[in-house]
């Protein structure tokens, strides 16, 4: 009886937008929204700014296809980049923020 009732229920179809956008070419100002205190100091904006800084391309950079990024030189990232954007030099803390 339960299977008959389940078969009569309408299944809602979901639509997923798979439009690709290359974020390596997006200006940071397009991503920042001042809404209820949200500003460019949030982690994703800081990360995008790091990745968009040409002086750091040898330390942290976009992959050639623009869909991912990598820390190229971890020791320089810890000593040069992290202190500029965060109040620490802890790579593990940065990594946790990336994975949230």
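In this note's numbering, the protein residues as written are 112 to 211. Each residue gets a CB set at the ideal place from its N, CA and C atoms; glycine is no exception. Because the structure is a prediction, the values reported are computed rather than measured.
**OP:** Just tell me which of 121, 153 and 196 has its CA closest to the CA of residue 211.
**Re:** 153
**OP:** Specify the secondary structure class of residue 182 as computed by DSSP and reduced to three states.
**Re:** Reduced to three states, the DSSP call for residue 182 is strand.
Subject >> Buried/exposed call for residue 129, threshold 16 Cβ in 10 Å >> reply: exposed
Subject >> Residues near residue 191 by beta carbon distance below 7 Å, same chain, minus five either side >> reply: 170
Original post:
Is residue 172 helix, strand or coil when you go by DSSP?
Top reply: strand
Original post:
Considering only C-alpha positions, which residue in the set 206, 125 and 195 is nearest to residue 181?
Top reply: Restricting attention to 206, 125 and 195, the CA atom closest to the CA of residue 181 is found in 206.
**OP:** Give the straight-line distance between the Cα atoms of residue 204 and residue 121, rounded to the nearest whole angstrom.
**Re:** 46 Å
Original post:
Taking just the CA atoms, how far does residue 135 sit from residue 173?
Top reply: 7 Å
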